[in-house]
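The opening position of the sequence shown corresponds to residue 4 in our numbering, with each subsequent residue numbered one higher.
Note that the Cβ used here is the ideal one computed from N, Cα and C, for glycine as well.
Note sheet for the following structure.
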Amino acid sequence: VNAATNVTGALPIVNGGTGGTSYAPGVTMMDAWYITSTQTHSSGEVLWNAWSRISGRSLATLGSAMTQSSGVFTFPTTGKYWVLFKTYCNGNTGTTYAGAQVVNNGNNASDGASLIDASYINRDNGSDHNSLMCQVFLDVTDTTSNVCKIKFVSNQGATSTWAGGSAGMETKVFFVRIGDT
């Protein structure tokens, strides 16, 4: 029995479309970045800078790369993305809390500036060492809009040191395009 001869009409395919004999894969882009050196941030919100794309280390990349300028990341194409950010913090004396934030690049509330995700730790002792992680799912509908660009910001009560460099890549971000918008 040939099952194909019994099928009529448009066939649903994996990506939600119909018809045809092929489909668009969900994951079409993977990229990773890290900060190139340890950074000491004063109290309040401070933008992480000095980013470099991870290469080698048997890390798989796929598709077009993210671009970054002055700590602001631009997506290469529209689509739905999973973003995973991880950092390692060494608080200094007087640091009672430290946090990592993912924010869009809107300039103010009327431009759509907003916090997307955050992870905070409270400290009893300012010399605590901690890892923080944020992860978000984004629907990037326009690669030129500031609202669809993101940046990573620390937020601390007093000076904190955030580990970086190519040896351990303690502060890094992974971008995965998981589907169409």
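Query, Result
"Residue 108 (DSSP reduced to helix, strand or coil)", "coil"
"Cβ of residue 54 within 8 Å of any chain B Cβ", "Checking the listed chains, one finds no chain B in this structure; it contains a single protein chain."
"First through last residue of the beta strand (DSSP E) which encompasses residue 175", "175-182"
"For residue 70, the first and last residue of its enclosing beta strand (DSSP E)", "70-72"
"Residue 155, buried or exposed, once every other Cβ within 10 Å from all chains shown has been counted against 16", "buried"
"Beta carbon of residue 77 nearer than 8 Å to that of residue 167", "no"
"Contact set for residue 69: own chain, Cβ-Cβ below 6 Å, skip 5 residues either direction", "34, 76, 178"
"Sub-8 Å separation of residue 92 and residue 135 beta-carbons", "yes"
"Cβ-Cβ distance between residue 46 and residue 121 below 8 Å", "no"
"Spatially closest choice to residue 138 from 158, 103, 108, by CA coordinates", "103"
"Whole-angstrom distance between residue 165 and residue 153, CA atom to CA atom", "19 Å"
"Expected contact under 8 Å - CB spacing of residue 181 and residue 83 to nearest Å", "5 Å"
"Under the three-state DSSP convention, the category residue 158 falls into", "strand"
"Buried/exposed call for residue 123, threshold 16 Cβ in 10 Å", "exposed"
"Own chain, CB closer than 6 Å to residue 44, minus 5 neighbours either side, in chain order", "157, 163"
"Reduced DSSP category for residue 93 - H, G, I as helix; E, B as strand; rest coil", "strand"
"Distance between residue 149 and residue 38 (C-alpha atoms, nearest Å)", "22 Å"
"Spatial distance of residue 81 from residue 145 (CA atoms)", "6 Å"
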